[in-house]
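The numbering of the first sequence is this note's numbering, which starts it at 9 and goes up by one.
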Amino acid sequence: MVRITLPDNSVREFEATTTTGAEVAASIGAGLAKAAVAIEVNGVAQDLSEPIADNAKVNIATAKTELGLDTLRHTLAAQVLALAVKELFPAAKLAIGPTIDTGCYYDIEFPTALSSDDLPKLEERMRDIIKTGRAVVRELWEPEQLITHFEATGDSYKSLIIAEAVEKGQTIGGKVSAYRQIGSSVAGKEFIDLCRGPHAPSLDKITLAFTLTNLAGAYWKGDSQNQQLTRIYCVAFASQKELDAYLTMREEAEKRDHRKLGRELELFHLQEEAPGQPFWHPKGWSIFLELEAYIRQNLRRYNYREVNTPKLVSKGLYEQSGHWQNYREDLFLTCDDVMQPIVEPAAHEKAQATTLGSMAKGIDSLGIYSLKPMNCPCHVQVFRQGTKSYRDLPLRMSEFGMCMRNEAHGALHGLLRVTSLTQDDAHIFCTPEQMESEIIALCNLIDEVYEPLGFKDYSVKLATRPEKRVGDDSLWDAAEKALADACAKIGIPLTLAPGDGAFYGPKLEYHLKDAIGRTWQCGTVQVDFNLPIRMGALYTNEAGERVPCVMIHRAILGTLERFIGILIEQYEGKFPTWLAPVQAMVIPITDAQNDYAEQVRQTLMDAPITTATGGLRVEVDTASERMQKKILFAQQKKIPYMLVVGKKEAEDGTVAIRLRDGTDLGAKPLAWLLDRLKTEVLTRADTPTTSAQAA
RNA sequence: GCUGCUGUAGCUCAGUGGUAGAGCGCGUCAUUGGUAAUGACGAGGUCGGCAGUUCAAUCCUGCCCAGCAGCACCA
Numbered sequence: 009m010v011r012i013t014l015p016d017n018s019v020r021e022f023e024a025t026t027t028t029g030a031e032v033a034a035s036i037g038a039g040l041a042k043a044a045v046a047i048e049v050n051g052v053a054q055d056l057s058e059p060i061a062d063n064a065k066v067n068i069a070t071a072k073t074e075l076g077l078d079t080l081r082h083t084l085a086a087q088v089l090a091l092a093v094k095e096l097f098p099a100a101k102l103a104i105g106p107t108i109d110t111g112c113y114y115d116i117e118f119p120t121a122l123s124s125d126d127l128p129k130l131e132e133r134m135r136d137i138i139k140t141g142r143a144v145v146r147e148l149w150e151p152e153q154l155i156t157h158f159e160a161t162g163d164s165y166k167s168l169i170i171a172e173a174v175e176k177g178q179t180i181g182g183k184v185s186a187y188r189q190i191g192s193s194v195a196g197k198e199f200i201d202l203c204r205g206p207h208a209p210s211l212d213k214i215t216l217a218f219t220l221t222n223l224a225g226a227y228w229k230g231d232s233q234n235q236q237l238t239r240i241y242c243v244a245f246a247s248q249k250e251l252d253a254y255l256t257m258r259e260e261a262e263k264r265d266h267r268k269l270g271r272e273l274e275l276f277h278l279q280e281e282a283p284g285q286p287f288w289h290p291k292g293w294s295i296f297l298e299l300e301a302y303i304r305q306n307l308r309r310y311n312y313r314e315v316n317t318p319k320l321v322s323k324g325l326y327e328q329s330g331h332w333q334n335y336r337e338d339l340f341l342t343c344d345d346v347m348q349p350i351v352e353p354a355a356h357e358k359a360q361a362t363t364l365g366s367m368a369k370g371i372d373s374l375g376i377y378s379l380k381p382m383n384c385p386c387h388v389q390v391f392r393q394g395t396k397s398y399r400d401l402p403l404r405m406s407e408f409g410m411c412m413r414n415e416a417h418g419a420l421h422g423l424l425r426v427t428s429l430t431q432d433d434a435h436i437f438c439t440p441e442q443m444e445s446e447i448i449a450l451c452n453l454i455d456e457v458y459e460p461l462g463f464k465d466y467s468v469k470l471a472t473r474p475e476k477r478v479g480d481d482s483l484w485d486a487a488e489k490a491l492a493d494a495c496a497k498i499g500i501p502l503t504l505a506p507g508d509g510a511f512y513g514p515k516l517e518y519h520l521k522d523a524i525g526r527t528w529q530c531g532t533v534q535v536d537f538n539l540p541i542r543m544g545a546l547y548t549n550e551a552g553e554r555v556p557c558v559m560i561h562r563a564i565l566g567t568l569e570r571f572i573g574i575l576i577e578q579y580e581g582k583f584p585t586w587l588a589p590v591q592a593m594v595i596p597i598t599d600a601q602n603d604y605a606e607q608v609r610q611t612l613m614d615a616p617i618t619t620a621t622g623g624l625r626v627e628v629d630t631a632s633e634r635m636q637k638k639i640l641f642a643q644q645k646k647i648p649y650m651l652v653v654g655k656k657e658a659e660d661g662t663v664a665i666r667l668r669d670g671t672d673l674g675a676k677p678l679a680w681l682l683d684r685l686k687t688e689v690l691t692r693a694d695t696p697t698t699s700a701q702a703a
């Protein structure tokens with residue numbers, strides 16, 4: 009007899025000791041039996057066909073549950089998409105087909121390139137396969153036999169996975185599970201897929217709404233040294249409604265793409281002569297300046313001192329720091345004259361073309377310089393001027409330094425990944441004893457900076473020692489512990505990112521989510537015991553000894569370029585007044601009010617309101633258009649305040665105020681408006697709303 | 001860097017082996033309008049770059065550059 013506890017804590021008894029999930033579901037009701045796709049037994053997912061242990065707590069999964077949806081997506085990938093590919097492209101080699109939070113994908117090696125034109129055909133075949141409603145049965149195989157099977161079908165990647173599972177001891181009593189689709193046929197054999205499961209017991213359970221969206225390249229096991237496979241993405245949801253909602257969401261996300269808005273709002277542009285380097289237009293640059301000022305104001309509260317250091321620095325400094333050894337490929341190198349031949353042209357003919365530009369790296373005899381890829385080595389040089397004692401620490405050195413990185417070409421992406429980047433960078437030189445309180449202060453500062461910008465939800469990862477690193481492991485132990493302890497102390501939940509640390513130290517990574525749900529690393533806090541030793545950042549301790557300090561590398565916004573890109577998407581271009589490139593647009597109703605409109609603009613521009621650009625940013629729309637059109641235009645430019653001036657306002661010395669969201673505040677004296685703008689700008693209020701009307 | 005795709009007017013895009021089109025935007029003129037698009041006319045393109053095939057290339061082929069969707073990378 010088997011006793012089974014249901015989610016409502018009721019207990020049912022079954023005679024047979026081999027009672028399965030399917031039987032439990034059937035005992036509850038025919039509807040549930042039909043909808044069931046898998047079952048959770050004591051928190052572990054298993055097939056409906058497997059027997060359930062005595063005294064188990066179970067939860068039956070349907071398309072409406074997380075596990076059920078995941079199981080159906082999994083079956084869709086492994087039994088439907090995979091089979092469709094095998095039927096249409098017999099020579100294709102299946103690799104892996106996991107689920108993701110919007111559906112699933114399958115990585116496959118194709119002998120000839122698949123094109124996106126093939127997707128509709130594949131999708132149609134998938135629907136045909138589902139219509140057969142064939143049963144999918146779990147089987148346990150001897151690893152060698154299953155490998156033999158996959159060698160015969162050409163799916164050598166499956167063999168590799170089996171071999172690895174055996175090696176790692178991830179087997180079920182020495183066997184591996186596979187799923188057979190009863191009645192299917194590929195090259196005369198029933199289709200079998202290696203899988204841990206669970207799977208839906210039959211294809212007619214797959215009631216998902218799905219569509220194949222796109223193709224992409226992806227490396228086998230995520231390693232760029234390996235074979236590149238073709239990844240087929242499939243979005244799949246429990247209902248057509250959810251699928252439509254997801255597709256609509258993607259379209260909406262496209263509308264707030266910072267590259268599109270950046271052009272429409274005249275913030276910046278990119279062109280091929282300067283890949284990855286934004287040309288900032290006046291309106292975009294004003295955002296840049298405001299953010300910089302915002303950060304400066306915050307740093308002041310935490311006693312930072314700002315510096316500025318050279319852009320073009322000899323490679324020697326980077327050899328000392330270790331960046332040369334780790335990032336040489338990504339440095340922009342130059343010397344006094346790259347076109348000057350290195351070898352005497354007369355020596356031999358080929359030498360004519362042999363310039364530094366062509367021979368480039370590894371030539372020590374010439375003074376080779378690198379555009380600085382980061383600020384830390386330069387900051388150490390500032391620190392080293394003069395003798396420092398423990399009384400000088402902690403020393404917090406900040407810089408908005410522009411760095412250049414020759415990023416992999418495929419990595420560039422609008423403002424989110426650029427070649428020339430401006431970090432809100434700083435290095436804290438401190439003693440080991442000060443380290444923890446400095447990290448805690450930093451975590452607080454970061455939160456205080458993010459919060460007013462609307463980023464309340466972010467995740468923090470602890471990136472630990474990578475394989476390629478410098479320094480003793482004992483130092484790494486201490487550094488990783490310092491970060492973990494500090495976070496524990498102030499209650500920041502951490503997830504681990506093993507091996508993702510910098511070559512000189514572990515780091516906390518702050519990840520923010522953008523409008524399309526992609527996450528971007530922005531803030532970072534890195535504890536470094538190694539560069540101070542390598543580069544001689546020493547201080548005299550209380551005992552009079554010269555010892556290396558601890559260096560904490562940190563950035564809050566990360567790079568201003570990336571952060572502005574994220575902000576554009578976050579706000580959909582509707583910046584709060586303090587950040588808005590144009591804060592108010594004066595709209596004269598007829599030409600007769602142009603002079604008054606200009607007076608209004610001048611009054612606002614001259615108002616004693618401090619902004620990063622020296623005062624309020626106001627424009628006048630004197631186009632020979634109807635007022636309605638000018639309002640529409642200002643709205644399209646997402647300008648927070650529209651100040652309509654007609655004959656009446658000109659006579660009364662007022663402006664008729666209309667907000668970006670359509671709210672009409674009516675005619676108000678200029679002094680009233682100035683008061684309101686001043687409050688809004690100085691407090692960096694989120695956005696102009698009617699609720700602020702009391703101001 | 002890798003896989004697939006794209007590059008035609010300021011923007012969005014159509015099109016053809018015989019040197020190009022639309023809508024919006026832009027300019028001029030008329031209109032002087034009270035809170036989401038006034039009308040007429042006009043200008044604007046080495047069809048990403050370099051080679052090749054051809055009597056002829058924006059179109060076909062190759063190479064390069066840039067961009068897009070991912071992957072890898074991200075000090």
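From the three backbone atoms N, C-alpha and C, an ideal C-beta is built for every residue, glycine too.
If you draw a straight line from the Cα of A492 to the Cα of I12, it is about 41 Å long. Beta-bridge analysis with DSSP links C411 to L429. Here the C-alpha atom of A510 lies approximately 15 Å from the C-alpha atom of H435.
Between E300 and F408 a beta carbon distance of about 6 Å is seen, short of the 8 Å cut, so the two are scored as contacting.
With 16 or more other Cβ atoms from the protein chains shown falling within 10 Å of its own Cβ, N383 counts as buried. With contacts defined by Cβ atoms closer than 9 Å, K676 and A588 do not form a contacting pair. The secondary-structure analysis by DSSP pairs E147 across a beta bridge with A186. Only residues of its own chain outside the window of five on either side were considered, and among them P402, I436, C438, I560 have a CB closer than 7 Å to the CB of E446, listed in chain order.
In this structure, the alpha-carbon of D125 lies about 27 Å from that of R267. In the structure shown, F22 falls within a strand segment according to DSSP collapsed to helix, strand and coil.
Rounded to the nearest angstrom, the gap between the Cα atoms of E58 and F97 is 33 Å.
Closest by C-alpha distance to L575, out of H387, L461, G37, N306, is L461. Put simply, of V652, H82, G39, I137 the residue whose alpha carbon is nearest the alpha carbon of V93 is I137. Between P206 and Q54 the beta-carbon gap is near 6 Å, inside 8 Å, which marks them as a contact. Across the set L40, I200, T219, G623, the C-alpha of I200 shows the shortest separation from the C-alpha of A86. In this structure, DSSP gives R392 a helical state, which the three-state scheme calls helix. Nearest to T238 by alpha-carbon distance, out of E117, V184, T256, is E117. For the set T26, I597, A658, M257, the Cα lying nearest the Cα of R634 is the one of I597. For I104, there is no enclosing beta strand (DSSP E), as DSSP marks it with neither H nor E.
Around the beta-carbon of H277, fewer than 16 other beta-carbon atoms lie within 10 Å, marking it exposed. DSSP places V88 in the helix class (H, G or I) of the three-state scheme. Scanning the segment 507-553 for uninterrupted beta strand (DSSP E) segments of 3 residues or longer gives 515-521, 527-536, 546-548, listed from N- to C-terminal end.
Taking all protein chains shown into account, P616 has fewer than 16 neighbouring C-beta atoms within 10 Å of its C-beta and is therefore exposed. Within the DSSP bridge table, the entry for E627 names M593 as partners. A residue is called buried when at least 16 other Cβ atoms come within 10 angstroms of its Cβ; E456 does not meet this threshold and is exposed.
CA-to-CA, the gap between Q285 and G573 works out to about 13 Å.
The count of Cβ pairs closer than 8 Å, one atom from the segment 465-478 and one from the segment 501-510, reaches three, so the stretches are in contact.
Proximity to Q534 across C451, E577, V555 peaks at C451, based on C-alpha coordinates.
Annotation for C203: A86, Y187 place their beta carbon closer than 6 Å to its own, counting only its chain and skipping 5 residues before and after.
By the neighbour-count definition (other C-beta atoms within 10 Å, threshold 16), T532 is a buried residue. CA-CA distance, A33 to G181, rounds to 28 Å. Take F340, set aside five residues on each side of it, and the residues of its chain with a beta-carbon closer than 7 Å to its own are S378, L379, M412, N414, in chain order.
Counting along the chain, S322 sits inside the beta strand (DSSP E) bounded by residues 320-322. Nearest to I169 by C-alpha distance, out of L102, K129, D265, is L102. In the structure shown, the three-state DSSP call for W293 is helix. In the three-state scheme derived from DSSP, where H, G and I count as helix and E and B as strand, S247 is classed as coil.
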